[in-house]
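The sequence shown maps to residues 1477 to 1766 in this note's numbering.
Even for Gly, the Cβ is constructed at its ideal location relative to N, Cα and C.
Data first, discussion second: the structure below is written as structure tokens.
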Amino acid sequence: MTENTRTTARAVPRSIDLRDLGTVHRLGFGAMRIVGEGVWGEPADRANAVRVVRRAVELGVDFIDTADAYGPDVSKQIIAEALHPYPEGVRVATKVGFARTGPRKWIPLGRPEYLRQQTELSLRKLRVDALDLLQLHRVDPAVPAEEQFGVLRELQQEGKVRALGLSEVTVEQLVAAGRHFTVSTVQNRYNLTDRTAEDVLEHAAEHGIGFIPWAPIAAGELARPGGPVDRAARQLGATTAQVSLAWLLRHSPALMPIPGTASLAHLEENMGAADLELDDATYEELTAAG
């Protein structure tokens, strides 16, 4: 990176302060891929999955995202095996609201008794007395949203959950949930090439809500040889994944990407994005291309 590039790069915040949760590094780790194929069952190499989780924390990750649906439960068990008793400052977020009946099968299930049951099981699997962050994985259209939000509020009031969030919601649903509890995070699909949830991001940034983009590295044709992401990566001596993540970190201080992987090499590559600076011209070119 040239000296001129350094002087035209905007300082990017490395951390974010989340309501009811405290300050965490903005680049976290998503634990969906440490389980079996189809997000189902045991991984092919459980010992390696444990090593990946431990290495993430060694590299400075203090925010890990999982869900009862990942495995189901296998991801949480691996996290507990790798980290319990948890290092000071490490927060583990989980989600409830999907039933799983097989590989690649996801069924929204927001009945209050089910959400409560899965929360209790999450406490057991993670071996904690209170969950750092509990997110509603999906709003079940078959159950009144007020009932789903209400049970989350009750779980927080009972001390079983410190902070609450939502996944794959609209601005209207965010506002509705906010009438029941303080929304700490929202987790929607968002990346350089898919900004469908831009209005949700803008609302989150305006109201102090952390936005966790899932599928953060998807860059599609932009990352192919000769594409703008590829050109930026070559210019900066980085990888296309690092450029995609660095763009997110610069795009909004509310964004907190959680790239997931079962590979130690990919983990270390992804974490390198925290130190990658995009100069103004490169950032603007990527923004326009996306």
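- Asp1751 counts as exposed, since fewer than 16 other C-beta atoms from the protein chains shown sit within 10 angstroms of its C-beta.
- Contact annotation: the segment 1655 to 1663 does not touch the segment 1508 to 1521, with fewer than three C-beta pairs closer than 8 Å.
- The three-state reading of DSSP puts Pro1704 in helix, counting H, G and I together.
- Here Trp1690 is near Gly1506, since their CB atoms are less than 8 Å apart.
- In the DSSP assignment, His1501 forms a beta bridge with Ser1491.
- Non-local beta-carbon contacts of Asp1616 in its own chain, meaning distances under 8 Å to residues more than five positions away in sequence, involve Gly1573, Pro1584, Leu1585, Gly1586, Arg1587 and Gln1624 in chain order.
- Using a 10 angstroms sphere on the CB of Arg1580, the tally of other CB atoms stays under 16, which defines it as exposed.
- Cβ neighbours of Thr1715 within its own chain (closer than 6 Å, five residues either side excluded): Ala1709 and Glu1745.
- Close CB contacts of Tyr1759 within its chain, under the 7 Å cut and outside five residues either way in sequence, are with Trp1723 and Arg1726 (chain order).
- The residues Gly1573, Phe1574, Pro1584, Ser1643 and Glu1644, in chain order, have a CB closer than 7 Å to that of Arg1614 in the same chain once the five nearest residues on each side in sequence are set aside.
- For Glu1557, the closest alpha carbon among the candidates Asp1496, Leu1677 and Ile1510 is that of Ile1510.
- Between Gly1565 and Asp1541, the gap from beta carbon to beta carbon reaches 8 Å or more.
- At a Cβ-Cβ threshold of 8 Å, Ala1765 and Leu1677 do not count as neighbours.
- The residues Thr1542, Lys1601 and Leu1602, in chain order, have a CB closer than 6 Å to that of Lys1552 in the same chain once the five nearest residues on each side in sequence are set aside.
- Beta-bridge partners of Gly1684 (DSSP): none assigned.
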